[in-house]
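Working notes, structure below.
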Amino acid sequence: MKFEQLHLIPPILEALHKKGYESPTPIQEQSIPHILKGHDVFGCAQTGTGKTAAFALPILQLLHAKNHPAKNPHVHALVLAPTRELALQISESFEAYGKHLGLRHAVIFGGVSQVPQEQALRKGVDILVATPGRLLDLMQQGLVRLDKVQYFVLDEADRMLDMGFIHDIRKILPKLPEQKHTVFFSATVPQEIRSLADSILKKPVQVNVTPVSTPAETVKQSLYLVEKLQKRFLLKKVIEEQEIDHVLVFTRTKRGADRVAKDLTKSGIRAESIHGDKSQTARQKALQGFKDRKVRVLVATDIAARGIDVDKLSHVINFEIPEVAETYVHRIGRTGRAGANGVAISFCCPDEIEYLRDIQKLLKRTIPILPTPDLPAPPPVADSPGGHHRHTSRPAAKNAAPKKGANKSRHRKPAPRKAHG
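Residue numbers for the sequence shown follow my numbering, so the first one is 1 and each next one is one higher.
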């Protein structure tokens with residue numbers, strides 16, 4: 001199917017073509033016709049499925065057809081997102097797809113000065129993208145009124161629940177008019193999310209896309225078995241020898257992200273880290289540098305990376321194997337989007353074999369193992385105050401697949417969090 005078959009207007013089609021998009025993703029193909037017809041939609045979809053365009057394109061078209069310019073302080077379409085990064089990404093999508101329509105939009109979120117946000121609101125906005133906390137603050141100051149909202153989108157509702165925003169959302173909902181069209185997206189549907197959806201949706205059309213356990217076929221997956229302390233040497237070797245010029249690298253911890261980025265920078269590879277302890281300004285600067293390709297490697301934790309959307313990202317590297325199998329699928333879903341080819345490479349040390357087994361069980365397939373290149377020996381680790389040294393573990397067998405049925409680790413993993421965007 002082509003976008004033309006979804007009855008989108010020429011200015012939107014022109015914007016899509018300029019972005020290089022010809023065909024809708026499954027979530028777009030299923031959602032856009034229903035939203036254009038005025039139906040409420042309950043979509044079960046994770047990040048990377050194209051869900052932002054699934055609601056942005058029809059909302060832009062419907063607002064353009066009504067031709068009612070925004071008047072301060074009324075808003076005609078409201079999109080709630082759980083994080084600043086996702087809010088910014090959604091705002092960028094509205095700007096890109098609606099560039100020929102003359103509609104005004106603004107994005108508001110906490111952690112930064114509200115003065116520029118106030119100025120945008122005073123000019124009047126058709127479309128407002130917001131995080132719940134900052135929206136409530138500005139509503140209480142009388143800077144935002146929601147009684148004229150015609151289209152309401154709640155994105156990543158399960159993540160809202162995880163982050164404790166449901167209480168804020170329940171404060172916002174009564175300020176919306178009874179008559180409106182609602183789009184509700186969630187990667188998973190726990191009971192509280194189902195109850196919330198039932199309370200705000202009217203005869204919704206339910207839309208489901210490929211489950212989280214199936215990464216895109218366009219992503220080529222591979223694996224290196226390597227000692228933990230040799231991973232940094234392997235990372236530099238892989239980036240340089242494979243001539244990777246744009247890669248998102250995942251670590252499990254904030255400290256690990258900083259360490260990897262610092263090590264790469266010392267080696268002459270431009271890298272930045274992004275995680276929750278960094279200021280909003282620093283995170284936005286690092287992300288923009290990566291999008292502009294001034295930064296070759298962006299090292300991120302899973303929480304910080306949620307909502308990051310980088311066009312035509314060719315490579316993802318799992319510097320550390322995630323503890324939760326579903327997280328692996330979300331990580332590698334950052335590449336191979338919109339039919340493009342992508343590459344996902346993972347580094348697995350002996351301590352992570354159990355996590356790897358869980359991932360392969362979820363995928364119902366074995367990830368191909370690549371021969372580990374010659375690497376410097378791991379640095380010695382002090383074994384006692386007397387100054388004796390030892391290596392942390394024996395070198396990993398280069399092509400040894402994880403043994404089935406091996407004893408489980410004594411340290412249990414946390415229960416899987418499935419609220420991944």
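Don't be surprised by glycine CBs; every beta carbon is placed ideally from N, CA and C. Computed from a predicted model, the values in this text were never measured in an experiment.
C-alpha distance - residue i paired with residue j, whole-angstrom precision
i: F3; j: N67; result: 23 Å
i: V112; j: Y151; result: 27 Å
i: R134; j: S267; result: 41 Å
i: I9; j: V41; result: 21 Å
i: V226; j: E320; result: 11 Å
i: L248; j: E178; result: 43 Å
i: R194; j: A157; result: 10 Å
i: H100; j: L370; result: 48 Å
i: V209; j: A106; result: 29 Å
i: E272; j: H315; result: 16 Å
i: I200; j: V295; result: 43 Å
i: P350; j: K231; result: 12 Å
i: D374; j: K19; result: 42 Å
i: A96; j: S186; result: 24 Å
i: A15; j: E217; result: 27 Å
i: E326; j: G98; result: 34 Å
i: V297; j: K148; result: 44 Å
i: K236; j: G50; result: 32 Å
i: L362; j: Y224; result: 19 Å
i: G38; j: I127; result: 17 Å
i: A340; j: H246; result: 15 Å
i: L138; j: G102; result: 25 Å
Nearest candidate by alpha-carbon position, reference residue i, set the options
i: F165; options: L298, K312, I244, T131; result: T131
i: L313; options: R293, F319, L264, L80; result: R293
i: D353; options: P322, M163, T182; result: Correcting the residue type first, residue 353 is Ile in the shown sequence and not Asp. The shortest C-alpha separation from I353 is found at P322.
i: R1; options: E14, K19, Q28; result: At residue 1 the sequence reads Met, which differs from the Arg that was named. Of the candidates E14, K19, Q28, the one whose C-alpha sits nearest the C-alpha of M1 is Q28.
i: P190; options: A271, P371, L16, C44; result: C44
i: R104; options: Q114, R252, Q230, V75; result: V75
i: P26; options: L6, K278, K18, F347; result: L6
i: L36; options: A65, K18, L13; result: A65
i: V310; options: D302, L287, N318, T327; result: L287
i: I172; options: F184, R145, K278, E192; result: R145
i: A377; options: Q141, F233, H330; result: F233
i: K220; options: H39, I359, S93, G336; result: G336
i: F290; options: A305, H34, A120; result: A305
i: Q242; options: R365, A344, A216; result: A344
i: L86; options: G98, I244, G142, Q284; result: Q284
i: I367; options: P380, F347, P379; result: F347
i: L13; options: Q61, G50, G110, Q140; result: Q61
i: Y355; options: A340, Y328, R365; result: Y328
i: R159; options: L88, A257, L80, V129; result: L80
i: K262; options: K175, V299, T281; result: V299
i: F184; options: H34, E22, K228, I359; result: H34
i: Q30; options: Y21, F55, K254; result: F55
i: I359; options: T372, L143, H330; result: H330
i: K228; options: I274, G256, T281, K364; result: G256
i: Q89; options: A77, D277, Q206, T52; result: T52
i: D277; options: G342, L57, V129, T253; result: T253
DSSP bridge partner residues for residue i (one or two, in chain order)
i: A54; result: According to DSSP, A54 bridges with nothing at all.
i: E272; result: L298
i: L248; result: L298, V316
i: C44; result: S186, N208
i: F104; result: At residue 104 the sequence reads Arg, which differs from the Phe that was named. Answer is none; R104 lacks a bridge partner.
i: H74; result: R145
i: I369; result: L223
i: H181; result: Y151
Unbroken beta strand (DSSP E) run spanning residue i, endpoints
i: F152; result: 151-154
i: Y224; result: 219-225
i: Q114; result: Premise fails: Q114 is in no beta strand (DSSP E) and is neither H nor E.
i: A130; result: 127-130
i: G342; result: 342-348
i: L78; result: 77-80
Residue range of the unbroken alpha helix (DSSP H) whose run includes residue i
i: K278; result: No alpha helix (DSSP H) holds K278; DSSP gives it neither H nor E.
i: I172; result: 166-172
i: H330; result: 325-332
i: H17; result: 10-18
i: Y355; result: 353-363
i: L146; result: Looking at the DSSP string, L146 is not in any alpha helix (DSSP H), and its letter there is neither H nor E.
i: M160; result: 157-162
i: L234; result: 231-241
i: A33; result: A small correction: the amino acid at residue 33 is Pro; Ala does not occupy that position in the sequence shown. Counting along the chain, the alpha helix (DSSP H) containing P33 begins and ends at 26-36.
i: V310; result: It is not in any alpha helix (DSSP H) - V310 carries neither H nor E in the DSSP assignment.
i: A257; result: 254-266
i: S23; result: That residue, S23, is in no alpha helix (DSSP H); it is neither H nor E in DSSP.
i: E95; result: 84-97
i: L176; result: Neither: L176 is in no alpha helix (DSSP H) and is coded neither H nor E.
i: A197; result: 191-200
Within-9 Å CB hit, residue i to chain C
i: T265; result: Looking at the structure shown, chain C is missing, and only one protein chain is on hand.
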